[in-house]
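If you read the sequence shown in this note's numbering, its first letter stands for residue 827, the second for the next number, and so on. First comes the structure, then the notes that go with it.
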Amino acid sequence: MSSPTVQRATGTPRKLRAESGSSAGNIAEQSPSKRTPQKLQVRSRKPIEEDVPEEPATPSPKPRKTVQGEQRDAPEETQSQASGSAGGLGGLAGGLTGQVKDTAGALTRRGEQTVANATGVDLSFLKGLEVSEWGQVLGDDGNPVGRIVEGEPQDLVGYAVGDNGEILDEDGDLIGRVEALPEAIQENTDQAKKAIGGLADLNGIPVSEGGFIKDEAGETVGKVVEGDAQDLVGYAPNEKGEILDDEGDLVGRVEPVSKAASATGSVADSQKSNSQGTKSVGKSASEEVTEEVDKDDSATKDIEDTAEEKVDDAEEQLPPLSTLEGLKCNKLGKIINPSTGKPVGELVEGDPKKLTRLGATLDDQGQFWDNRGNVIGRAQTIPHQDYSDEPPFAGLDGLHVVEDGWVEDSKGKRVGKIVEGEPKKVLGRPVDEDGEVTDQHGNVVAKAEYYEQPDEPEPEEPEVVDLSKLDGLTCNKLGYVMGPNGVPIARVVEGNPKELAGKEIDDGQIWDGRKPIGRVELIPENEREKKPEGPFAGLENLVVNKKGFVEDTDGNIVGKVTEGELKNLRGRTVDEDGDIIDKFGNVKGHAEPYEPPEEEVVEEDLSILEGKTVNKAGNVVDAQGNVYGRITSGDKRLAGRKVDGKGQIWGDDGKVIGKAELVPGAEQEKPEGPFFGFDDAEVGKDGVVTSGGKIIGRVIEGDAKRLQGRKVDEDGDILDKNGNTIGRAERWEPEEKQRSVNPMAGRKVTREGEVRDVDGNLIGKLTSGNLATLVGKEIDDNGFVVDNDGNKLGECTLIENIPEEKEEEVVEEEPGPSPEELEEQKKAEEDKQLAKKMSAIIGQTLDRVRPICKMITEHIERAERTPKEELDEEKLVKDVKPLLEEGGRILQECNGAIRALDPDGRIAATAKARAASHEASPEEYALADQIKEMTDTVVSCIENGKKKIADMPHAKKQLNPLWALLSEPLFQIIAAVGLLLTGVLGLVGRLLEGLGLGPLVNRLLGGLGLDKLLDSLGLSSITDALGITGKKK
């Protein structure tokens, strides 16, 4: 049997297993397209004897010279022992080869090659090839590369060669064996030797993109042949062409490019699996090769005998297999002595990863067994060696010196530090595995030591605290667990205290069923309160009153003096323990908690409610609707249910669903007033009472003009601010007049100024307005011609209402008012209506501007009270400026609204002439009063503000120019009113003089230049009427 090799399963994962073999070297040569199939289970077979070396023979139980690929303990079986030993002594066999060469001297090259083959023959390149006629195994190029040495050649035609040259039938039984021809062995050996030399050149060069290995010149010198090329980018192979990960597991292999090129035209082409070709050269010698050597050259037979004798000598130096009993295999196929950590054997058959995963142990014959009694691996001992200690940086690639003398590997990890030499001079230089830094001549210029980051100190295990004393206790809403003395002894450290309050503690945890929802811990003794809270804890500023009771800041009685003289304790403070102390801390008395006795509550007699019904408003009423009580609990859906003598309302299920109480006597007897439900009722103009713009009543007692704007209560009483009744009102609504619609409504004016109906009949004519501009305009319900906005543009009259022209008849006219009187009455009525409109506008403006002036005054007064060093004048400006701007905007709106009452200036043109003989109407009095009030509000705000910021330079500079935002529109309003109703200003002037505001107004007008402006416009009568110029109208 040929020497066994460790096979890998088809579809090997990314982590590959390093193959074990002799010390001659393991050269992994893998094809990227196919992987090595899994090693089949090794069956125990009888040796196959080769009767005739030249011809194939059938398997026979007789002993033969075949070298067995295993180590035996029995020293008597010398031939098989020597042969088996050779399989595990690659390095020793290589040394024997040199000894044989020296002894043979001038032997032929054929003999030397035979010895090399005897020391290790690899038949893996025959795997997968089929047996042809005459017992030959042909390569892909048709040349023979092997032959049948066991079994019937004719019966084996078409069978494929398996592992180690074995041919198995469908049941896995051995039916034949092949051997390699010397020429094929020589060619395969030469390639392996070349591969060994080339692989050493690839050591330490990282894999680049595409799986290629490039030298410093950028030329491709190798490639990945096993493993995922993309995953291996950045990894560097070792001298054997193997790529290992951080855990030491094999994850890939590489090969030189030149080897791949030569292999394509030689033996690699004849290997059907393309996954062999780089197995161990130093394997056990095969008997087939020995027989072939005997056949070809007798001289090589002597050399082989010499080699076998040397192997026998070496075998005697190996430790027995029994020393491996009980040991395990690691992932690299090594058998490690657990006491020394050094290898004492190696795996020769089986999958090391599988054996490691199963945890199988060796028996005294060097075999691994599974739980079914099958041998799943074999191992052999290795010669005893003295292992030197590994260098400090062994296994680390890409070491180089970085700043501050640190040494980093290729991944940037800090692994060492320069301890000898100058770090700055060797910055960037490589560091070898001994920690030495050399110059270009090989001189050691610095030395580094291995550095390992200090481990963080492990945290000390906390002491186990006995929490059994907390079992059964509960925490409060603040998260404290109170002890027997009333002081906290533990606290919540996990969970929401409010949700955990009241729940019992079990072994330091608070549970909700089987789920822990909180955890507590003991409070250290040095942090615990020494005494519980006093009886007055939580109460502050407690003092003793005149009666000897203890009061809080709200005047509530919370305690009573029990010790000390009451006269001397009045007004003194009481601490939380109840001690009454003086200003030096001396205890002068003591107080205890005290609560005034509660007055006994006399149950109210609710028998009057018995049998009464709840209505939809929630009131308890009798059959006539009189209210006796109201619901205090329940809802309005109780309507229709009865109340018993205790005020209880019962449901259909016999449960109390609501309660009622008596209505106080005053409310019980009081009927609903006429204005019930009208909360916003107030007296309007002409003595009517309005609510929401609708007339709901009228004044029947009191002066309607004086009562205008006042509220009307539910009973119809009109009250002053002190609650005195100053008038009465009653419910009243004006009769709704049926609105008559003009027949011309919706019709349009023709070019002739006529109005016609649908049938074209003339029904009216334009009697007022400019016909040229009114053609096509629509007529409203009142017969007026209006535009789209409803503005009156003209008037049309029905034909029947147009008087026919008749001869004037002399009719004696009854004596009546003259035309002048009628005109005067008409103008007086117009002035009255105008005053009403202006009064409404100014009243609304006053309601809006009054709170703004108040806020301005408050801000300035607050700033005046603030100490000068704490005053923020900029903040004052930011607070007041927007208020001034808003007030000015409101006054400007008022001015615009008043001027809009006389857009064409007709009223102002006639106002001055009428003022001389015109008596002020009540409406004008009311208007003058509102102008006076608005002037008083704005002028006082301006004057007071100016005075108070006089000592604030920044605020004065920023705000003084802004006062005009209020004063200018104010006097524009006064001027507008004066233009329309000059007589009103006389009233305003007198009112301002009565308030002493005349000089203030004069100063403001003078400061603004309005007095001169009004004089230049011929409006000096306005200032005269106000009494500003000293001339009174």
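Even glycine gets a Cβ: it sits at the ideal position worked out from N, Cα and C.
Rounded straight-line distance, which links the Cα of residue j to that of residue i
i: aspartate 1546; j: asparagine 1394; result: 51 Å
i: glutamate 1275; j: proline 1169; result: 27 Å
i: glutamate 1498; j: glycine 1460; result: 25 Å
i: valine 1107; j: leucine 964; result: Only weak support is given to the placement of valine 1107: the predicted model assigns it a pLDDT of 30, under 50, and the question is left unresolved by the model.
i: lysine 1273; j: lysine 1239; result: 18 Å
i: phenylalanine 1797; j: tryptophan 1789; result: 13 Å
i: glutamate 896; j: glycine 991; result: Low local confidence applies: a pLDDT of 46 at glutamate 896 is under 50, so the model's placement there is unreliable, with the coordinate-based value given in what follows. Each residue's alpha carbon lies about 16 Å from the other.
i: cysteine 1679; j: lysine 1531; result: 28 Å
i: proline 1310; j: glycine 1344; result: 22 Å
i: glutamate 1246; j: glutamine 1266; result: 18 Å
i: glutamate 1687; j: serine 1766; result: 13 Å
i: glycine 1334; j: lysine 1295; result: 9 Å
i: valine 1201; j: proline 1342; result: 54 Å
i: valine 1050; j: serine 958; result: 34 Å
i: glycine 1620; j: asparagine 1568; result: 15 Å
i: lysine 1386; j: aspartate 1380; result: 16 Å
i: glycine 1542; j: glycine 1444; result: 26 Å
i: glycine 1159; j: glutamate 1229; result: 41 Å
i: leucine 1058; j: asparagine 1064; result: 13 Å
i: alanine 1781; j: proline 1693; result: 15 Å
i: proline 1677; j: arginine 1715; result: 14 Å
i: glycine 1804; j: serine 1594; result: 32 Å
i: asparagine 1596; j: asparagine 1617; result: 14 Å
i: glutamate 1626; j: aspartate 1615; result: 29 Å
i: asparagine 1608; j: glycine 1669; result: 32 Å
i: arginine 973; j: threonine 1046; result: 39 Å
i: proline 1209; j: isoleucine 1162; result: 13 Å
i: leucine 1753; j: isoleucine 1667; result: 10 Å
i: lysine 1653; j: glutamate 1561; result: 29 Å
i: valine 1319; j: arginine 1691; result: 50 Å
Supposed close pair residue i, residue j - CB separation, criterion 8 Å
i: alanine 1205; j: valine 1174; result: 6 Å
i: glycine 1002; j: isoleucine 1011; result: Their Cβ separation, rounded to whole angstroms, is 19 Å, which puts glycine 1002 and isoleucine 1011 out of contact at 8 Å.
i: isoleucine 1768; j: serine 1793; result: 6 Å
i: aspartate 1673; j: serine 1747; result: Not really, about 23 Å apart at Cβ, beyond 8 Å.
i: threonine 1439; j: glycine 1466; result: 6 Å
i: glycine 1078; j: glycine 1053; result: 3 Å
i: leucine 1348; j: leucine 1293; result: 7 Å
i: phenylalanine 1501; j: valine 1538; result: 6 Å
i: cysteine 1861; j: proline 1323; result: One cannot answer for residue 1861 here, as it falls past the ends of the chain, which runs 827 to 1859.
i: valine 1080; j: isoleucine 1039; result: 6 Å
i: valine 770; j: glycine 1397; result: The structure shown does not extend to residue 770, since the chain is modelled only from 827 through 1859, so no value can be given for it.
Residues that residue i bridges to, as DSSP identifies them
i: glycine 1203; result: Phe1194
i: isoleucine 974; result: Val1004
i: alanine 1417; result: Val1387
i: proline 1169; result: Ile1162
i: lysine 1040; result: Thr1046
i: lysine 1574; result: Glu1604
i: proline 1082; result: Gly1048
i: alanine 1486; result: Ile1457
i: valine 1012; result: In the sequence under discussion, the amino acid at residue 1012 is glutamine, which differs from the valine named in the question. None, per the DSSP bridge assignment.
i: leucine 1188; result: Phe1194
i: tyrosine 985; result: The partner list for tyrosine 985 (beta bridge, DSSP) is empty, contrary to what the question assumes.
CB contact check: residue i to chain C, cutoff 8 Å
i: isoleucine 1001; result: This model lacks chain C altogether; it includes just one protein chain.
Practice task
Could you tell me whether the region 1153 to 1164 touches the region 1172 to 1181, using the rule of 3 or more Cβ pairs below 8 Å?
Solution key: yes
Exercise for the section: Could you name each continuous beta strand (DSSP E) segment of 3 residues or more that falls completely within the region 1325 to 1404, going from the start of the chain to the end? Expected result: 1335 to 1338, 1341 to 1348, 1368 to 1370, 1375 to 1377 and 1383 to 1389
Practice task
Only counting runs of 3 or more residues, tell me where the beta strand (DSSP E) segments fall wholly within the region 1499 to 1567, in order along the chain.
Solution key: 1514 to 1517, 1520 to 1527, 1543 to 1545 and 1551 to 1557
Practice task
Return the chain-ordered ranges of every beta strand (DSSP E) run that is complete within the region 1245 to 1286 and spans a minimum of 3 residues.
Solution key: 1262 to 1264 and 1270 to 1276
Practice task
Assess, as a yes-or-no matter, whether the region 1396 to 1409 is touched by the region 1436 to 1453 under the definition of 3 or more beta carbon pairs within less than 8 Å.
Solution key: no
Exercise for the section: Determine contact between the region 1550 to 1559 and the region 1582 to 1598, defined as no fewer than three beta-carbon pairs at a distance below 8 Å. Expected result: no
Handout entry: Every unbroken beta strand (DSSP E) within the region 1051 to 1076, with a cutoff of 3 residues, ordered by chain
Key = 1068 to 1070
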